[in-house]
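Undergrad:
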Amino acid sequence: MTNLLTFSADYSLQSLNTFGIAARARQFLRIEQLTQLQAIFADAQLKALPRLVLGGGSNLVLSDQVDALVLQMGLKGRQILDEDEDYVYVQAAAGENWHEFVLWTLEQGLGGMENLSLIPGTVGAAPIQNIGAYGMEIQDVFTGLTAFDFTSGELVDIDKATCAFAYRDSIFKREYKDRMVIVNVRFALPKRWQARLAYVDVAQYLRQHQIDSPTPKDISAAIIEIRQAKLPDPANIGNAGSFFKNPIVPAAQRDSLLAVYPTLVSYRQDSGDYKLAAGWLIDQCGWKGRQLGRAGVYEKQALVLVNHGGATGAEVRALAQAVSADVYARFAVKLEVEPVFF
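Numbering (the numbering used here), first residue to last: 1 to 342.
1) Ignoring anything shorter than 3 residues, give me the beta strand (DSSP E) runs that lie fully in the segment 249–332, in order along the chain.
2) My output table needs one value for D10: the three-state DSSP class, helix, strand or coil.
3) Counting along the chain, where does the beta strand (DSSP E) carrying E107 start and finish?
4) When DSSP builds the beta bridges, which residues end up paired with M136?
5) Relative to the alpha-carbon of G124, which residue among E114, N115, G109 and F142 has its alpha-carbon at the smallest distance?
6) Less than 8 Å between C-beta atoms, sequence neighbours within five positions excluded: which residues of the same chain meet that for A332?
7) Tell me, which residues are paired with S242 by DSSP?
8) For L46, I'd like the list of residues in its chain whose CB is within less than 6 Å of its CB, leaving aside the five on either flank, ordered along the chain.
9) State the Cα-Cα distance for the pair A235 and L16, rounded to the nearest angstrom.
10) At least one CB of chain B closer than 7 Å to the CB of A252: is that the case?
11) Take M1 and list the residues in its own chain whose beta-carbon comes closer than 6 Å to its own, dropping the five residues that flank it on each side.
12) Could you tell me the boundaries of the alpha helix (DSSP H) in which E225 lies?
13) Counting pairs of beta carbons, one from the segment 50–60 and one from the segment 231–248, are three or more of them closer than 8 Å?
14) If distances are taken between C-alpha atoms only, which option among L110, D82 and G77 comes closest to L34?
15) So which of S271, L29 and A42 has the shortest CA-CA distance to R51?
16) Give the range of the alpha helix (DSSP H) segment to which L89 is assigned.
17) Could you check where the beta strand (DSSP E) with F28 kicks off and where it finishes?
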């Protein structure tokens with residue numbers, strides 16, 4: 001084993017997951033250069049171990065003991081790659097903080113990513129979840145990425161079509177789940193920028209601040225303030241952000257629910273189906289502010305589960321199951337969790 005692979009055994013992951021779960025890893029290694037991935041691939045025993053690739057640990061619920069080789073992506077770097085008549089192309093390494101990268105693009109005078117401000121996590125983790133907020137998803141600006149393939153030991157370029165992006169989903173959650181480790185990600189930012197102001201909260205903020213012609217920085221500032229008001233800071237109380245996906249249901253089911261619940265929050269999709277606000281459904285079941293053991297539902301936003309101190313992964317799972325069961329019993333709507341349980 002080379003000096004590249006200096007592992008830490010029985011390593012605490014509590015500070016490396018935003019839920020603050022006191023998990024411990026069987027083996028831990030921070031990846032700061034590609035040669036480390038290549039060295040792991042070249043070692044038959046290491047290659048055979050179960051792997052957990054960590055970004056910011058913001059979309060993850062850990063077990064107390066993680067019996068795996070935990071690789072924390074620490075690859076750094078961001079740059080403008082190229083430009084053409086329509087776009088400026090930028091790239092960031094997998095270990096870059098997502099929000100700091102968004103702010104960097106804005107400092108370069110580039111709009112297009114501002115609606116994704118203050119989303120926790122790293123650049124490398126963003127395509128896996130197809131992160132999204134306030135009327136856009138990463139797929140709207142994504143052009144491609146480079147990943148290390150643990151079946152071949154090679155670096156491969158993966159285009160947008162291959163990623164098979166869907167709502168909070170991609171091929172990296174399925175066929176490529178344990179195969180690919182994302183190394184860097186590339187984006188195309190439009191030169192003819194247009195503001196995305198579909199969400200009422202954003203438009204209302206701009207009106208209140210008398211901003212008639214918002215810039216990308218204005219929209220970023222608005223979204224940062226809105227998110228900070230609604231969502232808990234993991235530094236103060238452990239959480240993984242929005243815990244449940246907003247369920248998508250057929251129009252007939254939405255209409256039936258609306259007849260019984262006139263204040264139902266829903267959004268029509270291009271398919272004709274409707275996206276329901278999971279937070280509204282959970283709130284109607286009386287879960288906002290409630291606890292189950294040491295885990296609970298955030299008092300200001302029912303879509304967020306929180307760690308009130310010392311919660312285990314099992315307690316978070318039990319709470320999620322209880323919330324989901326109540327929502328299904330009342331509305332016949334199944335909730336799907338966003339974070340990965342490991």
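Cβ coordinates follow ideal geometry from the N, Cα and C atoms, glycine included.
TA: Per the coordinate set shown:
1) Unbroken beta strand (DSSP E) runs of no fewer than 3 residues, entirely contained in the segment 249–332, are found at 266–268, 274–276, 295–297 and 304–307, following chain order.
2) strand
3) E107 -> not in any beta strand (DSSP E); alpha helix (DSSP H) instead, spanning W98 to E107.
4) A133
5) F142
6) Result list for A332: Q253, in chain order.
7) V304
8) I40
9) 11 Å
10) Of the protein chains in this structure there is only one, and it is not chain B.
11) Low per-residue confidence applies at M1: pLDDT is 46, beneath 50, and the placement is therefore not dependable, though the value from the model is reported in the following sentence. Counting only Cβ-Cβ distances below 6 Å, and skipping sequence neighbours, we find nothing.
12) P216 to K230
13) yes
14) G77
15) L29
16) Here the sequence assigns Tyr to residue 89, which means Leu is not the residue at that position. In the DSSP assignment, Y89 falls outside any alpha helix (DSSP H) and within the unbroken beta strand (DSSP E) covering Y87 to A93.
17) Counting along the chain, the beta strand (DSSP E) containing F28 begins and ends at R24 to I31.
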